[in-house]
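The listed protein sequences correspond, in order, to chains P and X.
Just so you know, we're using the numbering used here here: the first sequence kicks off at 1 and counts up by one.
Just so you know, we're using the numbering used here here: the second sequence kicks off at 392 and counts up by one.
Reading through the C-alpha cells given below for one structure.
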Amino acid sequence: MMKNEYDVIVVGAGPAGSVAAQYAAREGVSVLMLEKDRDVGYPVRCAEAINRRTLIQFIEPDERWINATITKFAFIAPNGIEAVIDFKSIQGYVLERRIFDYELAKQAAADGAEVVTRAYVYDLLFDENETVTGVKVEYRGEQLEIKSKIVIAADGVESRVGKWAGLDTTVDFRDMEACFQVTAANVPVAQDTLYFYFGKKVSPGGYFWVFPKGENTANVGLGVSGAECKKRSSLSYLTENLNRLYPNASILTQIAGGVPCVTTPDKFIADGVMLTGDAARQVNPLSGGGIASGMVGGSIAGRIAGEAIKNNNMQHIYKYKEEWHQARGHMHERFDKFKDVIYDFTDEEFNKIMEKLRALPDEKRTIRKLFMIALANKPSLLVDVAKLFIV
Amino acid sequence: MFRMAKNNKLMIEILPNKCDFCGCCVGVCPEDAIELKEAEINIIDPRCTNCAKCVWSCPIEVIKFNKEGVPVK
Ligand SMILES: Cc1cc2nc3c(=O)[nH]c(=O)nc-3n(C[C@H](O)[C@H](O)[C@H](O)COP(=O)(O)OP(=O)(O)OC[C@H]3O[C@@H](n4cnc5c(N)ncnc54)[C@H](O)[C@@H]3O)c2cc1C
Ligand code: SF4
Ligand code: SF4
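Below, the structure is given as C-alpha cells:
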C-alpha cells in the first residue's frame, strides 16, 4: 500500500495526470498518483473528441475506447446553413473516456507508477523555504501526510493545488466556458462527422456540439461564456437546442462542466510543484479541447520532473515552461486571439462566413480557409493563421 | 465593492442536492473559497468575499446569492 514518501506525487488521474505519471516513472523515479474520485475516468465531463495526430503519440488507437472515427467537420450557421469540411482521411476520434482514461492510468501503472483512487488531496506540505515537499491526503477516513520531491498538480479545472503553492490559476468568469452535455440515444447523425453550431441563440460566446458516439447515440452539449451564463444558464440553452433539434432524444447521461478557455498563466511552476493539463490552463482556448494538449503538457512535466530528480537539480523543473510554450503554448496564444474575434461575431457575420465556405469547391474547403474567411477583416491575425497552418 | 459583512451568515449558498460537482465555480473563485470533493461541496466562509463570480459561472444555476444570508454550518 501507499508508502510515506515518493519522488513524484501526481494529483489527479485525468489524461494529463496519467501521462505525467507515466513519463516520470519511465525516468526511473518512484511515482504515486492520487485521484479523489472512486474511479479513474468517471464521471466523464467531456465531449470526447481528439485529433489522431496527437493521440497516437501516447497510445495505440484501440476500438475498445473509440466510439466514432472522424473524417468531416460540419459547421452550422445561425440561419441553418451547413458547411462541411471533408478531410478525406481520419482526422480524429470520439473516445469512450471512461475506458480511455483508465487505459492511460494502466499504462502509467505498467511503467511503475502507483495509482490510488478515493484519495482526496486537501493541502500541501512545505519546508522552511516554502518549497513544496509533499501532500496532505484524506484516504479511507484518515488524514495522511506523504512526502515527495516534486508534486505534479493535474487536478483539472478546479486547480486548487497550484493556488496553495501561491500560483494564481484563477480564471476570469467570462473565460470559463460553462458547459452542459447529455449523452443521448435517438440522435440520428452521420458517424464520421463532428457538428458545430454557432449563434447567439444557440450558444453565445461558445458553440453547441453534436459528436457521434456510435449507432444512434451522440454527445450533445454546449459551452457558453461565463458572461452569458450569468444571464441565462447553460442548462436552459441545452434544453432548448435539444428539444428543437432532437425532440426524440433519450438521455443516457447528463453532466455539467467547465472549460478554462485561457492561455497558460505566467507562472505554473514553483519550487517543488509543477501544474499540468486543465490545472495549468493548457486547453486550446478556441476549441476548448484539452485532452490532447493535457497529454502533451503532462508528458513534458513528467519527464522533466524525472530528469530533475535523477540529476538532483531541482531548478531543472523551470525548463518545463519553455518546453510547453514551444510545444503548444505559443500556438494557444494565437488561438486565444482568434477566440476573441470569433466569439464576438454577430449571427449575421456567422451566416456570411458559412455561406462563403460552402460556396467553395470541396477540395478548397479547409480549416485554414475557414480561418482566412472568418478573419478576413483582421489582417494582423491573418499572419497568425498563416503561421499556424503552414503546410 | 462587494459586501463583506457576514454576522455569522454566509451569503453564497450552494444547493447541495442540486450540485453536479463539476468544478466551474472553483476555477473562477479568486479566493480559493470553495472546497470540492467527489460528491461534496462547501464554501469556506472566512475566505468568501461574496463577489458572486461562482454564481455567474454555474452551468445549472445551483449557487445563489442570498442577500438575507444563510447560517454558517
Ligand atoms: C463539457 C466538456 C466538453 C469537453 N469536450 C472536449 C473534447 O471534445 N475534446 C477535448 O479534447 N477536450 C474536451 N474538454 C476538455 C477536457 O475534458 C479537459 O481539458 C481534460 O479532461 C483535461 O484533462 P486533465 O487531466 O487536465 O483534467 P481532468 O480530466 O479534469 O482530471 C483531473 C482529475 O483530478 C482529480 N482531482 C481534482 N482535485 C483533486 C484533489 N484535490 N485530490 C485528488 N484528485 C483531484 C479530478 O477528480 C479529476 O479526475 C471538454 C470539457 C468539458 C467540460
Ligand atoms: S459550478 Fe455549480 S454544479 Fe458545478 S460544482 Fe459549482 S455549484 Fe456545483
Ligand atoms: S462569492 Fe466569490 S469569493 Fe465567494 S465563493 Fe463565490 S467566487 Fe469565491
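Note that CB positions come from ideal geometry on N, CA and C, so glycine has one too.
Asked, Found
"Report yes if the C-beta of P450/X is less than 7 Å from at least one heavy atom of ligand 2; otherwise report no.", "yes"
"What residues of chain P sit near I454/X, judged by a beta carbon separation below 8 Å?", "The contacting residues do not exist; I454/X stays about 11 Å from chain P at best."
"Output the distance between the C-alpha atoms of E114/P and S18/P, rounded to the nearest integer angstrom.", "11 Å"
"Within its chain, find whatever has a CB closer than 6 Å to the CB of Y195/P; leave out the 5 residues flanking it on each side and keep chain order.", "A74 and V210"
"Measuring alpha carbon to alpha carbon, tell me which of G289/P, G257/P, T117/P and Q315/P ends up nearest G272/P.", "Q315/P"
"Under 8 Å Cβ-Cβ, which residues of chain X neighbour E142/P?", "Correct list: empty, because the minimum Cβ distance to chain X is about 15 Å."
"Counting along the chain, where does the beta strand (DSSP E) carrying K428/X start and finish?", "I425 to K428"
"Quick one: what's got a C-beta closer than 7 Å to I317/P's C-beta in the same chain, skipping five residues either side?", "I150, I269, M274, I304, A305 and A308"
"Where does the unbroken alpha helix (DSSP H) through F208/P begin, and where does it stop?", "Segment F208 to P212 is the beta strand (DSSP E) holding F208/P; no alpha helix (DSSP H) there."
"By a C-beta neighbour count over all protein chains shown, 10 Å radius and 16 as the cutoff for buried, is G414/X buried or exposed?", "buried"
"Can you find a heavy atom of ligand 5 that lies under 7 Å from the Cβ of L34/P?", "Among the ligands modelled here, namely ligand 1, ligand 2 and ligand 3, ligand 5 does not occur."
"Would you mind sorting S89/P into buried or exposed? The rule is 16 or more other CB atoms within 10 Å of its CB.", "exposed"
"Does ligand 3 have a heavy atom nearer than 7 Å to the CB of N441/X?", "yes"
"Which residues mark the beginning and the end of the beta strand (DSSP E) in which K378/P is found?", "Counting along the chain, K378/P falls outside any beta strand (DSSP E), and DSSP gives it neither H nor E."
"Using the beta-carbon of each residue, which ones in chain P are nearer than 7 Å to D411/X?", "I255 and A256"
"Using only alpha-carbon positions, find the residue among G80/P, Y42/P, D37/P and R97/P that is nearest to W65/P.", "R97/P"
"Considering C416/X, what are the terminal residues of the alpha helix (DSSP H) in which it resides?", "C415 to V419"
"Pull out every residue of the segment 145-163 of chain P whose Cβ sits closer than 7 Å to any Cβ of chain X, in chain order.", "G156, V157, E158, S159, R160 and K163"
"Taking 7 Å as the cut-off, is the C-beta of P260/P nearer than that to any heavy atom in ligand 3?", "no"
"Tell me which same chain residues have a C-beta within less than 6 Å of the C-beta of T54/P, skipping the five on either side of it?", "A292"
"If you reduce the DSSP assignment to three classes, tell me which class Q254/P lands in.", "strand"
"Which residues in the same chain as K200/P place their Cβ atom closer than 6 Å to its Cβ, once the five residues preceding and following it in sequence are excluded?", "D347"
"Please go through the same chain and pick out, in chain order, the residues whose beta-carbon is closer than 6 Å to the beta-carbon of A256/P, but skip the five residues on each side of it.", "F180"
"For the segment 192-211 of chain P, enumerate the residues whose C-beta is nearer than 9 Å to any C-beta of chain X, in chain order.", "none"
"Is any non-hydrogen atom of ligand 2 found closer than 7 Å to the C-beta of L401/X, if you look at the structure I gave you?", "no"
"Regarding G134/P and ligand 1, is the C-beta to nearest heavy atom distance less than 7 Å?", "no"
"Does any residue of chain X have a CB that is nearer than 8 Å to the CB of V391/P?", "Note that V391/P scores 45 on pLDDT, short of 50, meaning its location in the model is unreliable and no value can be drawn from it."
"Per DSSP, V259/P forms a beta bridge with which residues?", "E177/P"
"Which chain X residues sit within Cβ distance under 7 Å of K36/P?", "K428 and E429"
"Hey, does V461/X have any beta-carbon neighbour from chain P nearer than 8 Å?", "no"
"What does the alpha-carbon distance come out to for the pair M392/X and C442/X?", "Note that M392/X has pLDDT 35, beneath the 50 cutoff, so the model's placement of it is unreliable and no number is given."
"With DSSP run on the structure shown, which of helix, strand or coil describes P188/P?", "coil"
"Looking at the unbroken beta strand (DSSP E) that takes in G294/P, where does it start and where does it end?", "First-last for G294/P: I291 to K310, but that is the alpha helix (DSSP H), not the beta strand (DSSP E)."
"Are there any heavy atoms of ligand 1 lying less than 7 Å away from the beta-carbon of Q181/P, as far as the coordinates show?", "yes"
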